[in-house]
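Protein chains in written order, with my numbering: chain A, 91 to 168; chain B, 185 to 865.
Note that CB positions come from ideal geometry on N, CA and C, so glycine has one too.
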C-alpha cells in the first residue's frame, strides 16, 4: 500500500520509495530507509501527512506520500 | 597556527547549535524554532585558557550531501582546510536522526567532538543515555551540554582543545555478529564499517586516489562520496572509476549507516519507549484537518489586533512627547535668534521626519514580539503544514509560507528565508510575491492615512491592507503557476520541531535586534532622506524658496503627476512622498510631514491638520485608501531590492521584479479608485 493511504495513529514499515533522487536521498538521510518504522500522526484531506520516523516529526506533501510504498507493521499492537 | 584553533559548529536544524554558539561568543544571533534559520555561516571568536578560538556557526543540515543550499554552505566549509575541529551539536532527544550526521562527520577524518544538547528533555521523557558506552562506540568525546542554561560549556571547549590533533580513534568496542570476509580489520580503525562489498570498493578507490593525489588526507571520505555518486567530489578529485563503480551505492550506504545507528541506540539509549510527548497533544488541535486553518487565521488576527490596539495606545504618548519636543525646539531656536531656514531644517526636516517615524516604535515592538513568539514556539513549521494544500494550489510548497509570514515583519529576512526552498523556481517566485506581504515599515503609512481619514474605522482600514497584500501575493503566485507549464509537484518536506515555551533570552534578542534596526534606520536612512527632502522642497531654481510649490521637488512631482491621476493620487506632494519612499517605506510618512509642513503629523492634532489640508484639495477617504494600497504594493525599499538582487544573483531579475510590483500597484490602485468613484465613494 501507499503511505498516503495510511491511517492516523497506525504504524507502517517502509518498503520502497519512487521519488526523484534528491528527495529520495533526503528522506533516506532523515532515517526513512528500508524497513524503517513510520507512524502516521495526522493527515489532511488533500494528502499532506504528519509522520514520525525514528523519533522525529515531519510534515510531508501529498506527492511524496503517494510515492512511498509501505506495509502494515504487525508488531504494532494496540 | 600556534594557539589558534578554528572550530566549526555543525548539527541538524533546531538542535540548539546557534544558541550554543551565542553562549560562547556572546553574539546575539537570531534563533528560532523552525528549520533553516541560519542560512549563512557566521563567525565569532573567544579566548579559552591560552587559546584563541575562532568559532563558525554553520547552517543546520541533516547530512553532508549537497541537495539544499544550507547543505552546500555547511559542507563546503567543513570540507575545507579552514576548520581544525568540528563540534557536532546533537539534539539528544532525537539522537537516532542526529547520529547520522555524526557518522558522516567522523568519516570526514577531522577531529569531531559530540555535544549532546537538550538532555533535560531526555530526562523529562524518562529516557537515559549511556554516556560511557556512546563515546566507546563512536570513538569520539561526547559531552552533555545545555546551551540554554549554559552548562557544560567549559568542558566542551576543553575537549575541543584536547582533541584538536587527535586523528586516531580510541579503541572501538563493537560486537558485530556478522562474520566478515573482508581482508582488513577495519573494525579497529573505523567507527562505521560497511559491508564487505562496499569496503572492498572503498579500498580500491582509496588506492587509486592515493596514486593520483598523494597529499590528500581524507581518502576514505572521498572514496565513500564516490560510492555515493557525489557530483561535486567527482569534479574536485577526478579519477577513473568505470571499472570499480557500476552504480550508485548511496542508498545502501545510508541504510548501513542507519543499521549501525540502530545498534548504537540499542546499546546506549535506555527506556526508548517514551511517554507521549505533549507536542503531539498540542498538534492534535493546531494541525487538525478542520481546525488548523481557522486557528492559524485567529493567531494572525490576534497578532495584528495587538499591534494596532496596544501599539496605538502607546503611540499616543509618543506623539504627545514629539509635540513637546517640536514646540520646545522652535521656541529655543527662535529665542537664540536662529535663521528661519535653520529652524525649518531642524523642526520641519529632522524632528518631523525622524521623530515622526520614532513614534511608531511601540507598534513595531509589539509586532516583532508576537512574531518572536510564533517563531520560537515551533508553530511556524505547523503553519507550513496547515497552509500546504492552499499553497499547493498556487504551485508552491507549504514551506514557502514561512517567508511570507516573516514578510509581515520585515521583507529583508523574509526574502532570505526563501533559501530554505529547494527548488530554484519556487525560490524566485516566493521572492517575487513576498514583498506584497505588508511589512512593518508600511504600517506608519496605514496608521497615518487611516487615522486621518477613517475615524473609528481606522483599524479596519489598516487591517484590510494586510488582507489585500496577502491576496495580491496569492493571486500573483497563482497566475504565475497557471503560466508555468511544468507540472508542479507538491514536495513539502519539513521537520516539525517540539513545541517549547519561548525563551525570554531568545525573544529579547530577536525583538531587540529589530528595534535596533528600526532605530538605526531612523538615524541613518530616514534622517538622510528627511534632510534631502527638506532641501529638494525648500530650494528651487531661484535658491531658497518659501513657497514649496516653487521647489525642485514640486517640479519633478508635477511632471509625473498625470500618471497618478487615474489612481486618485493626482497630488504632486504624494507623488514626491512615494518616490522618496523607495529609500524606506516609512519615508512616505516623514516626507508628508515636510511636504505639508506639519511638524507633528503622527500626533492626533497633526493628523487633523493633514486631513484638513488634503480635504480642501478634494482628497477624501477613497483617495486615502488608494494611497495606502499603492504604498503597500509598489516597489519595495532599497534594502529589499539589494537582498533580492543578492539572493537571485541577477540585477536584471531584481529590476524586473520591481517593475512587476510597480505595475501591480498601479493596476490594483486604478481598479480600486475607478470602482470607488463609480460607486460614488
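Buried or exposed (CB count within 10 angstroms, at least 16 for buried), residue i
i                      : result
residue 685 of chain B : exposed
residue 63 of chain A  : Not covered by the structure: residue 63 of chain A. The range shown for chain A is 91 to 168.
residue 532 of chain B : buried
residue 162 of chain A : exposed
residue 391 of chain B : exposed
residue 95 of chain A  : exposed
residue 455 of chain B : exposed
residue 730 of chain B : exposed
residue 187 of chain B : exposed
residue 792 of chain B : exposed
residue 167 of chain A : Low per-residue confidence applies at residue 167 of chain A: pLDDT is 49, beneath 50, and the placement is therefore not dependable, though the value from the model is reported in the following sentence. Residue 167 of chain A comes out exposed.
residue 197 of chain B : buried
residue 488 of chain B : buried
residue 627 of chain B : buried
Boundaries (first-last residue) of the alpha helix (DSSP H) holding residue i
i                      : result
residue 244 of chain B : Counting along the chain, residue 244 of chain B falls outside any alpha helix (DSSP H), and DSSP gives it neither H nor E.
residue 535 of chain B : Neither: residue 535 of chain B is in no alpha helix (DSSP H) and is coded neither H nor E.
residue 111 of chain A : 111-119
residue 391 of chain B : 380-396
residue 836 of chain B : 835-862
residue 415 of chain B : 415-420
residue 451 of chain B : 434-452
residue 462 of chain B : 462-470
Residue i - DSSP class collapsed to helix/strand/coil
i                      : result
residue 230 of chain B : strand
residue 806 of chain B : helix
residue 828 of chain B : helix
residue 643 of chain B : helix
residue 185 of chain B : The predicted model places residue 185 of chain B with a pLDDT of 48, which falls under 50 and marks its position as unreliable, so this point remains unresolved.
residue 401 of chain B : coil
residue 168 of chain A : In this prediction, residue 168 of chain A scores a pLDDT of 42, lower than 50, which makes its location untrustworthy; no coordinate-derived value is stated.
residue 427 of chain B : coil
residue 210 of chain B : coil
residue 707 of chain B : helix
residue 819 of chain B : coil
residue 631 of chain B : helix
residue 799 of chain B : helix
residue 865 of chain B : coil
residue 406 of chain B : helix
residue 377 of chain B : coil
residue 684 of chain B : coil
Sequence-distant residues of the same chain with beta carbon closer than 6 Å to residue i, five excluded per side
i                      : result
residue 757 of chain B : 779
residue 587 of chain B : 598, 601, 602, 614 and 618
residue 741 of chain B : 756, 759 and 760
residue 185 of chain B : Summary for residue 185 of chain B: the model assigns pLDDT 48, below 50, so the residue's position carries little reliability, and this model does not support an answer.
residue 372 of chain B : none
Nonlocal neighbours in the same chain, by C-beta distance under 7 Å from residue i, ignoring five residues either side
i                      : result
residue 278 of chain B : none
residue 590 of chain B : 597, 598 and 601
residue 396 of chain B : 423
residue 811 of chain B : 633, 753 and 758
residue 143 of chain A : 120, 121, 122, 126 and 128
residue 546 of chain B : 495, 498, 499 and 502
Cβ shell of residue i (< 8 Å), same chain only, five flanking positions each side left out
i                      : result
residue 728 of chain B : 525 and 722
residue 394 of chain B : 400 and 403
residue 449 of chain B : 279, 280, 283 and 456
residue 536 of chain B : 510, 714, 774, 777, 778, 782, 783, 784 and 785
residue 695 of chain B : 549, 552, 553 and 556
Residue range of the beta strand (DSSP E) that includes residue i
i                      : result
residue 133 of chain A : 127-133
residue 148 of chain A : 146-150
residue 102 of chain A : 101-107
residue 143 of chain A : 139-143
residue 678 of chain B : 677-679
residue 483 of chain B : Per DSSP, residue 483 of chain B belongs to no beta strand (DSSP E); it is in the alpha helix (DSSP H), 476-519.
residue 162 of chain A : 158-162
Any non-hydrogen atom of the ligand HEM closer than 7 Å to residue i Cβ
i                      : result
residue 597 of chain B : As for the ligand HEM, it is missing from this structure, which has no ligand bound.
Test: residue i CB closer than 8 Å to a CB of chain D
i                      : result
residue 301 of chain B : You won't find chain D in this structure, because its protein chains are A and B.
- Item | Residue ranges of each alpha helix (DSSP H) within the segment 714-788 of chain B, 4 or longer | Whole alpha helix (DSSP H) segments, 4+ residues: 736-748, 756-764 and 771-779.
- Task: Quick one: which unbroken beta strand (DSSP E) runs of 3-plus residues sit fully inside the segment 546-629 of chain B? Chain order, please.
- Result: None, since the segment 546-629 of chain B contains no complete beta strand (DSSP E) of that length.
- Length-filtered (3 minimum) beta strand (DSSP E) runs lying within the segment 259-327 of chain B: Runs of the beta strand (DSSP E) spanning 3 or more residues and lying entirely within the segment 259-327 of chain B occur at 269-275 and 296-301, in chain order.
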